[in-house]
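The next block holds one structure in the form of structure tokens; read it before the comments.
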Amino acid sequence: MSAYLDEITIAEGICAITGYLCLRERKDLPSTLLWAYVLLIFIAELTAVALGKHYRNNIWFYNLLLLLQVSFFFYTFQQILNQYVKSRLIIIVGLVLVLVTYGYDLINHGPMIRHHYSHTVFGLYIVALSLYFFYLQLISNEFIDLKTNAIFWWVAGTLFFFFPLSVINIFGTPLRKILLNADNTLYITFKILNILLYTSWTYAFICKKWETRS
Amino acid sequence: MGNSELTELIAFIMIVFMILPVFLIFYAFVYQKRKKKQLLLQLQLKEQFELEITKTQQEVKEQTLQTVGADLHDNIGQLLSLTSLTLKSIQDTTPLQSDQRMDTAIELLTRSIKEMRLLGKLIQGDQLVSLGLIVAIKQEINWLEKTGAYQVTTKFPRKKIIADPAKDLVLFRIIQELLQNIIKHAQAKKISISLSHSADTMRLTIADDGIGFAQETDRVSNGMGLSNIQKRTALIGGELMIVSKPAKGSSISIILPYAHS
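Residue numbers (this note's numbering), protein chains in the order written: chain A, 17 to 230; chain B, 110 to 370.
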């Protein structure tokens with residue numbers, strides 16, 4: 017089992033367990049999805065590591081996983097943005113953009129090569145949605161105690177992850193051409209981003225628990 | 110550029126892109142802190158306003174009771190004393206004189222009852238304001254005219270004004286204070302009160318032909334309470350304008366935002 021665990025899977029595991037412990041009393045779909053998604057990703061990550069070890073190529077699995085990520089993030093952002101604006105159109109536009117690029121990647125490169133364009137478009141759209149959320153939160157008249165605001169920390173973690181990841185997606189390919197150990201450097205960065213994401217989400221789950229208590 | 114330099118460059122770029130969201134989140138925190146301060150200030154102002162409204166209600170009631178007390182003493186009290194004297198004098202008179210005095214006593218009692226009814230209306234105090242600002246002002250003028258010491262002219266808008274109870278109450282109290290100032294200090298014979306309403310503003314002007322005052326020196330020191338009036342005007346978002354010169358009377362105007370009729 018230890019062969020399957022690394023910094024990313026450990027962070028995911030802790031986040032999933034914390035999410036379950038903090039949100040198990042909440043029976044609504046968005047709250048359940050929050051921790052269930054992390055749990056699914058945790059299982060998927062372990063599966064991907066196993067696939068990588070046995071079949072060498074697990075990229076098709078990550079390509080498939082992107083569809084789950086897209087569904088989850090767009091659904092959650094719709095729930096979050098709906099507090100301030102009617103976000104259905106924004107979400108549909110994003111969904112269409114990602115699915116079109118996903119189709120393009122699938123037709124042109126097949127399932128065994130990383131769907132670069134759809135990952136990039138998806139990442140950029142999530143960054144835009146996160147920034148839009150912060151903007152809406154700033155202009156609202158309501159005061160929000162950000163220190164303990166679950167949604168804020170969830171979006172902050174998402175932004176921490178997707179903002180630099182989008183840069184890696186855009187500049188990763190040219191960097192690999194000029195840098196011999198680019199993959200290694202980018203992988204370390206990717207690990208740090210994952211840890212940041214799951215730390216922030218773990219804290220968001222704790223905040224959600226505090227909100228339930230109060 | 111060497112391999113290690115490139116690695117450093119990439120690391121630097123990555124750090125910069127990681128720091129950007131940190132800055133954003135830091136800004137969100139600072140902004141929320143400012144928002145909290147602003148909301149607290151608004152809450153304080155609201156509390157202050159409500160406190161001032163309660164104080165004003167109390168003052169209107171006190172002023173009304175003072176008027177009622179004075180009227181009971183000066184007017185109804187006199188009428189009833191006169192009635193009592195008239196009735197006492199009946200026993201020593203002829204039947205004809207007795208009838209006449211009885212008629213006089215009845216007339217005096219009828220006047221007393223009438224005055225009592227008017228007092229009853231006035232005693233409602235701030236409730237009077239809820240019937241409309243103009244109704245309340247007219248009632249106030251009614252009592253002023255009864256003294257016979259002043260010639261009061263009024264000018265009110267024909268259209269009905271949409272009531273803003275809080276503003277009406279404060280404005281009514283200001284009017285009471287201004288009229289009290291005229292009675293106590295102005296030695297005036299003529300008083301004019303005008304209320305006009307245009308677009309989203311209301312303008313109230315109270316002028317008199319009294320002794321006036323030098324604005325720069327007398328305004329605060331003479332105990333006319335103009336600073337209090339100024340404070341109250343500001344509280345309802347209004348502006349106070351005073352025009353006065355010694356021996357030339359004075360005119361005080363208040364312009365305040367008010368819903369259009």
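For each residue, glycine too, the CB sits at the ideal point set by N, CA and C.
For clarity, every value in this text was computed on a predicted model and none was experimentally measured.
Asked, Found
"Test: residue 206 of chain A CB closer than 7 Å to a CB of chain B", "no"
"Extent of the continuous alpha helix (DSSP H) run through residue 81 of chain A", "75-97"
"Below-7 Å beta-carbon distance, residue 138 of chain B vs any chain A residue", "yes"
"Identity of the residues DSSP links to residue 263 of chain B by a beta bridge", "B/302"
"Simplified DSSP assignment, three categories, for residue 366 of chain B", "strand"
"Residue 335 of chain B to residue 290 of chain B span [Cα, whole Å]", "9 Å"
"Endpoints, the beta strand (DSSP E) within which residue 28 of chain A is located", "Element bounds for residue 28 of chain A: not the beta strand (DSSP E) but the alpha helix (DSSP H), 23-39."
"Neighbour flag for residue 154 of chain A against chain B, beta carbons, 7 Å", "yes"
"Closer than 9 Å at the beta carbon, the chain A residues around residue 155 of chain B", "Near residue 155 of chain B there are no residues of chain A at all, since even the closest Cβ is about 14 Å away, more than 9 Å."
"7 Å Cβ cut-off: residues of chain A touching residue 148 of chain B", "159"
"Short CB-CB distance (under 7 Å) between residue 83 of chain B and chain A", "Lying outside 110 to 370, the shown extent of chain B, residue 83 of chain B is not represented and no answer is given."
"Entirely enclosed alpha helix (DSSP H) segments - the region 238-297 of chain B, minimum 4 residues", "242-255 and 274-290"
"Within-7 Å CB hit, residue 127 of chain A to chain B", "no"
"Contact between the region 239-259 of chain B and the region 281-289 of chain B (3+ Cβ pairs under 8 Å)", "yes"
"Residues near residue 149 of chain A in its chain [Cβ-Cβ closer than 7 Å; skip 5 each side]", "96, 97 and 171"
"Within chain A, partners of residue 152 of chain B - CB distance below 8 Å", "Result: empty, since nearest Cβ-Cβ is about 10 Å, beyond 8 Å."
"Cut-off 7 Å between Cβ atoms - residues of its own chain near residue 211 of chain A, not counting five sequence neighbours on either side", "23 and 27"
"Whole-angstrom C-beta distance between residue 94 of chain A and residue 103 of chain A, which should lie under 8 Å", "5 Å"
"Identified DSSP bridge partners for residue 359 of chain B", "B/317 and B/353"
"DSSP three-state assignment for residue 214 of chain A, whether helix, strand or coil", "helix"
"At least 3 beta-carbon pairs within less than 8 Å: the region 170-187 of chain A vs the region 202-216 of chain A", "yes"
"Helix, strand or coil at residue 330 of chain B [DSSP, three-state]", "Residue confidence for residue 330 of chain B is low, a pLDDT of 46 falling below 50, so the modelled location carries little weight; the figure read from the coordinates is stated next. Note: residue 330 of chain B maps to helix in three-state DSSP."
"Cβ pair residue 79 of chain A, residue 131 of chain A closer than 7 Å", "yes"
"Backbone CA spacing between residue 153 of chain B and residue 162 of chain B [nearest angstrom]", "14 Å"
"Rounded separation between residue 343 of chain B and residue 349 of chain B - CA only", "8 Å"
"Host alpha helix (DSSP H) of residue 61 of chain A (start-end)", "45-71"
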